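Novice:
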Amino acid sequence: MTALVHHELGPFTIADWHALPAREDGSRLELIEGYWLVTPPPSGQHQWAEKRIISLFDRAINSAQRSDLFAVGGIGIEISTRYRSALIPDFVVLDTPPVGASFQPGNALLVGEIWSPGNTSSEQQEKFQACERSGVPFFWSVAQDRGGPTELAAYRLENGRYVCEATAKAGQGPVRITASPVPFDIDVASLRL
Numbered sequence: 004m005t006a007l008v009h010h011e012l013g014p015f016t017i018a019d020w021h022a023l024p025a026r027e028d029g030s031r032l033e034l035i036e037g038y039w040l041v042t043p044p045p046s047g048q049h050q051w052a053e054k055r056i057i058s059l060f061d062r063a064i065n066s067a068q069r070s071d072l073f074a075v076g077g078i079g080i081e082i083s084t085r086y087r088s089a090l091i092p093d094f095v096v097l098d099t100p101p102v103g104a105s106f107q108p109g110n111a112l113l114v115g116e117i118w119s120p121g122n123t124s125s126e127q128q129e130k131f132q133a134c135e136r137s138g139v140p141f142f143w144s145v146a147q148d149r150g151g152p153t154e155l156a157a158y159r160l161e162n163g164r165y166v167c168e169a170t171a172k173a174g175q176g177p178v179r180i181t182a183s184p185v186p187f188d189i190d191v192a193s194l195r196l
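FYI, the numbering used here numbers position 89 of the sequence shown as 92, with every residue one higher than the one before it.
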């Protein structure tokens, strides 16, 4: 038997999230089910991996001649007004030009998170489920240690649930990832410094 844990939504809304000034220290302020989540500025290894992934997406988008797709990092996604959730994923593939500070989940074709060693499993699960619930077609989860990324798991939304379609590990060599708006090969070791 499975039991679902029910908890009340927090007091904060997406409107509250928008009303806050930009954070000057480089940290990210996200809203998960009405509660604030503040994460410190990403490490250098984290930022390097994010830059490399966005660059790989840019190349794949250009190769596929998809002028309707845009790979960006560190932008807001208004995941759900009902569930009071707004995220700032590490990287996103949008189907609209990245003009503005935040976007609707319908514009996010792929959301990706690079998990730092300090990210809790509940934070990871909450973000994963928020994207799944809002219907984002693809979700990438990148695990890392202190040296950088170690594994990528690529999920595709099927019947309202994410299904892991592929995994790639550092040292494995290039792996074809099709759980993406544009399929391409990725070598996780190339994301490490």
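C-beta atoms are modelled at their ideal positions from N, C-alpha and C, and glycine is treated no differently. Bear in mind that the values here come from a model prediction, so they are computed numbers and not experimental data.
(1) Quick one: what's got a C-beta closer than 7 Å to residue 32's C-beta in the same chain, skipping five residues either side?
(2) For the alpha helix (DSSP H) that residue 59 lies in, which residues bound it at each end?
(3) Write down the C-beta distance between residue 96 and residue 142 rounded to the nearest angstrom, noting that I regard them as a contact closer than 8 Å.
(4) Going along the chain, which residues of its own chain have a beta-carbon closer than 6 Å to the beta-carbon of residue 126, five neighbours each way excluded?
(5) Mapping DSSP to helix, strand and coil, what is residue 98?
(6) Go ahead and label residue 115 buried or exposed: buried means 16 or more other beta carbons lie within 10 angstroms of its beta carbon, across all protein chains shown.
(7) Skipping 5 residues on each side, what residues in its chain have a beta carbon closer than 6 Å to that of residue 137?
(8) Look at the alpha carbon of residue 161 and the alpha carbon of residue 18, and state the distance between them as a whole number of angstroms.
(9) Going by Cα to Cα distance, which pick from 45, 34, 16 and 35 is closest to residue 148?
(10) For a quick check, are the C-beta atoms of residue 36 and residue 105 less than 7 Å apart?
(11) What does the alpha-carbon distance come out to for the pair residue 132 and residue 158?
(12) In three-state terms, what does DSSP make of residue 33?
(13) Restricting to Cα atoms, I'd like to know which of 67, 85 and 193 is closest to residue 11.
(14) Put residue 19 into one of helix, strand or coil per three-state DSSP.
Specialist: So, from the listed chains and residues:
(1) Beyond the five residues adjoining it in sequence on each side, residue 32 comes within less than 7 Å, by CB distance, of 23, 26, 39 and 41 in the same chain, given in chain order.
(2) Residue 59 -> alpha helix (DSSP H) spans 47 to 66.
(3) Their Cβ separation, rounded to whole angstroms, is 11 Å, which puts residue 96 and residue 142 out of contact at 8 Å.
(4) None.
(5) In the structure shown, residue 98 adopts coil according to DSSP, grouped into three states.
(6) With 16 or more other Cβ atoms inside 10 Å of its own Cβ, residue 115 counts as buried.
(7) Only 82, 83 and 108 meet the Cβ criterion.
(8) Near 31 Å, if we compare the C-alpha coordinates of residue 18 and residue 161.
(9) When each option's Cα is compared against that of residue 148, the closest is 45.
(10) Contact flag unset, no.
(11) Their Cα atoms are separated by approximately 12 Å.
(12) DSSP places residue 33 within a strand segment (E or B) once states are collapsed to three.
(13) Distances from the CA of residue 11 to each of 67, 85 and 193 were compared; the closest alpha carbon is that of 85.
(14) Taken through DSSP and simplified to helix, strand or coil, residue 19 comes out as helix.
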